[in-house]
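Note that our numbering has the sequence shown beginning at 6, numbered continuously upward. The beta carbon of each residue, even a glycine, is placed where N, CA and C say it ideally should be. Bear in mind the structure is a predicted one, so any value in this text is a computation, not a measurement. These notes concern the structure reproduced below.
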Amino acid sequence: MFGIKTKILKYLIFHQQEKSKKLSNDLRITELMNFFEADEFGHESNIKNADLGYGWIHYGLLRQIKAKKILCIGSRYGYIPAVLAQACHDNGFGKVDFVDAGFGDEIKKEGKSSWTGKGFWKTQEGKDHFKNFGLENNIQLFVTTTQKFAKKYKNMSYEYIYIDGDHSYEGIKTDFKLFWPMLHEGGLMLLHDISIKETLPEGKYGVWKLWEEKTNKNKIEVNYLGSGLGIIQKQSNR
Numbered sequence: 006m007f008g009i010k011t012k013i014l015k016y017l018i019f020h021q022q023e024k025s026k027k028l029s030n031d032l033r034i035t036e037l038m039n040f041f042e043a044d045e046f047g048h049e050s051n052i053k054n055a056d057l058g059y060g061w062i063h064y065g066l067l068r069q070i071k072a073k074k075i076l077c078i079g080s081r082y083g084y085i086p087a088v089l090a091q092a093c094h095d096n097g098f099g100k101v102d103f104v105d106a107g108f109g110d111e112i113k114k115e116g117k118s119s120w121t122g123k124g125f126w127k128t129q130e131g132k133d134h135f136k137n138f139g140l141e142n143n144i145q146l147f148v149t150t151t152q153k154f155a156k157k158y159k160n161m162s163y164e165y166i167y168i169d170g171d172h173s174y175e176g177i178k179t180d181f182k183l184f185w186p187m188l189h190e191g192g193l194m195l196l197h198d199i200s201i202k203e204t205l206p207e208g209k210y211g212v213w214k215l216w217e218e219k220t221n222k223n224k225i226e227v228n229y230l231g232s233g234l235g236i237i238q239k240q241s242n243r
């Protein structure tokens with residue numbers, strides 16, 4: 006019996022030591038992904054393996070460029086906004102302005118799409134969501150449309166902008182026009198779902214079309230996996 010206990014103890018110590026060698030904290034990552042209901046398909050992530058998927062790209066970029074002002078447009082339950090806020094927290098500075106209209110299935114009656122939104126951000130749980138995870142100092146929620154936000158905060162500027170809202174061509178084109186002027190020179194704008202060209206139950210996707218129209222030479226696309234992620238750096242006079 007003693008020998009079995011010793012072997013088990015050695016096994017546990019070995020695996021704990023192996024985990025301690027990792028750069029990332031698997032427990033924190035898994036907690037975040039579960040709490041904010043990470044979309045494993047849409048972001049090529051894996052909760053069981055503590056794999057942030059596209060979240061690694063966002064997290065790494067923010068840790069590298071040390072952005073202080075970040076804008077995030079759209080999220081079903083807050084996964085990517087939380088990753089951005091966590092990066093700010095780990096940097097020791099920075100804040101995310103998270104904008105979501107909080108649309109759910111109710112707008113289908115008007116012939117519109119919520120683009121998989123569930124109306125979560127209009128609920129009290131949604132409004133307290135980031136606070137309940139301890140990220141409230143690094144993110145602020147704005148439950149409003151992008152048009153209303155851009156009009157009210159027209160003098161705001163950002164070093165990093167992520168757009169994952171209205172995925173129709175007209176919708177993404179509008180958001181791009183609204184927020185590109187708010188991006189600093191040298192800043193980064195990221196667009197989600199640049200690889201989806203189909204018409205799905207939520208609507209006809211058009212982000213890919215806008216992405217193909219952009220000829221900015223500082224353009225990177227991660228489209229070999231899943232729904233795709235586009236990254237554009239703003240150059241002077243562009």
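- Distance from the Cα of serine 173 is smallest, within the candidate group Phe108, Gly47, Gln69, Leu215, for Leu215.
- In the same chain as leucine 188, and ignoring 5 residues on each side of it, the C-beta atoms closer than 7 angstroms to its own belong to Tyr163, Ile166, Met194, Lys239, in chain order.
- The segment 76–92 and the segment 112–131 touch, with three or more beta-carbon pairs separated by less than 8 angstroms.
- Isoleucine 62 is positioned such that its CB atom lies closer than 8 angstroms to that of leucine 234.
- When rounded, the separation of the alpha-carbon atoms in tryptophan 120 and serine 241 is 33 angstroms.
- For the 8 angstroms CB-CB criterion, asparagine 30 and leucine 67 do not form a contact.
- For aspartate 169, no alpha helix (DSSP H) run applies, since DSSP gives it neither H nor E.
- Apart from the 5 residues on each side of it in sequence, glycine 231 sits with its Cβ closer than 6 angstroms to the Cβ of Glu49 in its chain, given in chain order.
- Note that the C-beta distance between leucine 196 and alanine 155 is not below 8 angstroms.
- Between serine 200 and isoleucine 177, the alpha-carbon positions lie close to 14 angstroms from each other.
- Shown here, methionine 194 sits in a strand according to DSSP, grouped into three states.
- Look at the beta carbons and you see the segment 99–110 touching the segment 140–152: at least three pairs across the two are nearer than 8 angstroms.
- DSSP, read as helix, strand or coil, puts glutamine 240 in coil.
- The residue among Lys222, Lys127, Cys77 with its C-alpha nearest the C-alpha of aspartate 110 is Lys127.
- Excluding its 5 nearest sequence neighbours in each direction, tyrosine 64 has C-beta neighbours in its own chain below 6 angstroms: Val88, Ala92, listed in chain order.
- Comparing C-alpha distances from isoleucine 75 to each of Gly60, Val101, Leu205 shows the shortest one belongs to Val101.
- Annotated as distal: isoleucine 112 and aspartate 180, with beta-carbon spacing of 8 angstroms or more.
- Ranked by Cα distance from lysine 222, the first of Gly191, Gly208, Val212 is Gly191.
- According to the DSSP assignment, leucine 146 belongs to no alpha helix (DSSP H) but to the beta strand (DSSP E) extending over 144–147.
- Residue burial annotation: isoleucine 225 is exposed, with fewer than 16 other C-beta atoms found within 10 angstroms of its C-beta.
- Per DSSP, the unbroken alpha helix (DSSP H) holding aspartate 180 starts and ends at 174–184.
- If one requires a minimum length of 3 residues, the beta strand (DSSP E) runs lying completely within the segment 64–139 are 74–78, 100–104, in chain order.
- For leucine 57, the three-state secondary structure derived from DSSP is coil.
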